[in-house]
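Residue numbers (the numbering used here): 674 to 964.
Notes follow once the structure below has been shown.
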């Protein structure tokens, strides 16, 4: 499971219940200060399930309530907003984001980390801006999905109605979740701070960073054997495009590459020797329509 899940899970616990419970949680699962989760790593699924059980005992809340709250938090917290900006800024509604997630998860499965996020199937409902998600992951974390749908709606200033037609936890073969989205009728002043920030936050810079990401994808090879270092990425971009000095800076290029990694478009070498930013190599993940 992606390290971003584990990192934001602990952020959720700290913000929801305070530092005291978070410390007790870490002690309960045997996590030392030097072993806190990293977004750049992947972890065993069982570790999250054990963590949810520990958090439930400490908070007195049911696991599914915690997971649903966490799913909403995952979509709204600043760390997800920053690392997944390439995805989140590329769509303009929660409905579009939901339809994008299968492709995102499919690409992430091809990265060097060997991740296995769930692949949703979809059935289109007769109502406008409605969709039925088919979820059949053995993890049975459908509560996270429900919260994420609610959080996505809030992020884009929308309202959502959710109806569960079936659930694996009730013995059904799959979870079938219907979601219908509508633009929020509240005024901008009444919308959440996150929704307002998403609508107005540095739009010009976001557009420029997205364009930089698209240009990076045009110069990256699809074979790991031909992968490029950061320096080689910069050189290839400068040769092909007229980049402003701001977008040639290594820190900016690294940020763009990282956003592409979290969107599943780019993979990078991993391991002790490759942790040096000057030697790490990047390549583009092939998508299904390229075959």
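Don't be surprised by glycine CBs; every beta carbon is placed ideally from N, CA and C.
Go through its chain and collect everything with a Cβ distance to residue i's Cβ below 6 angstroms, but skip five positions before and after it.
i           : result
residue 677 : 712
residue 935 : 756 and 757
Thinking just about the alpha-carbon of each residue, which of the options is nearest to the one in residue i?
i           : options               : result
residue 804 : 815, 834, 790 and 779 : 834
residue 699 : 715, 714, 675 and 725 : 725
residue 879 : 896, 777, 697 and 764 : 764
residue 894 : 701, 940 and 716      : 940
residue 757 : 917, 697 and 930      : 930
residue 854 : 769, 820, 742 and 679 : 769
residue 812 : 791, 843 and 950      : 791
residue 808 : 684, 850 and 682      : 850
residue 917 : 881, 933, 896 and 737 : 881
residue 745 : 818, 797, 675 and 752 : 818
Taking the continuous beta strand (DSSP E) assigned at residue i, which residues delimit it?
i           : result
residue 954 : 954 to 957
residue 793 : That residue, residue 793, is in no beta strand (DSSP E); it is neither H nor E in DSSP.
residue 808 : 803 to 808
residue 822 : Where residue 822 is concerned, there is no enclosing beta strand (DSSP E), although the alpha helix (DSSP H) it sits in stretches over 815 to 828.
residue 831 : 831 to 839
residue 939 : 939 to 941
Is it right to say residue i is buried, meaning 16 or more other beta carbons lie within 10 angstroms of its own, or is it exposed?
i            : result
residue 953  : buried
residue 749  : buried
residue 1017 : Within the shown structure, residues of the chain are numbered from 674 to 964, placing residue 1017 beyond reach of any answer.
residue 829  : buried
residue 728  : buried
residue 709  : exposed
residue 795  : exposed
Tell me which same chain residues have a C-beta within less than 7 angstroms of the C-beta of residue i, skipping the five on either side of it?
i           : result
residue 937 : 777, 780, 781, 784 and 958
residue 913 : 892
residue 921 : 907 and 911
residue 845 : 839
residue 888 : 910 and 914
From what residue to what residue does the alpha helix (DSSP H) around residue i run?
i           : result
residue 848 : Looking at the DSSP string, residue 848 is not in any alpha helix (DSSP H); the run it does join, the beta strand (DSSP E), is 848 to 856.
residue 932 : 923 to 935
residue 760 : 758 to 761
residue 773 : 767 to 781
residue 900 : Looking at the DSSP string, residue 900 is not in any alpha helix (DSSP H), and its letter there is neither H nor E.
Got a sec? Which residues, its chain only, sit under 8 angstroms from residue i by beta carbon, not counting five neighbours each side?
i           : result
residue 899 : 956
residue 903 : 923, 926, 927, 930, 950, 951, 953 and 955
residue 697 : 731
residue 843 : none
### Task
Could you pull out every unbroken alpha helix (DSSP H) segment of at least 4 residues lying fully inside the segment 674 to 698, listed in chain order?
For the segment 674 to 698, whole alpha helix (DSSP H) runs of length 4 or above, ordered along the chain, are 676 to 690.
### Message
For a minimum of 3 consecutive residues, which ranges assigned as the beta strand (DSSP E) are wholly contained in the segment 704 to 751?
### Response
none
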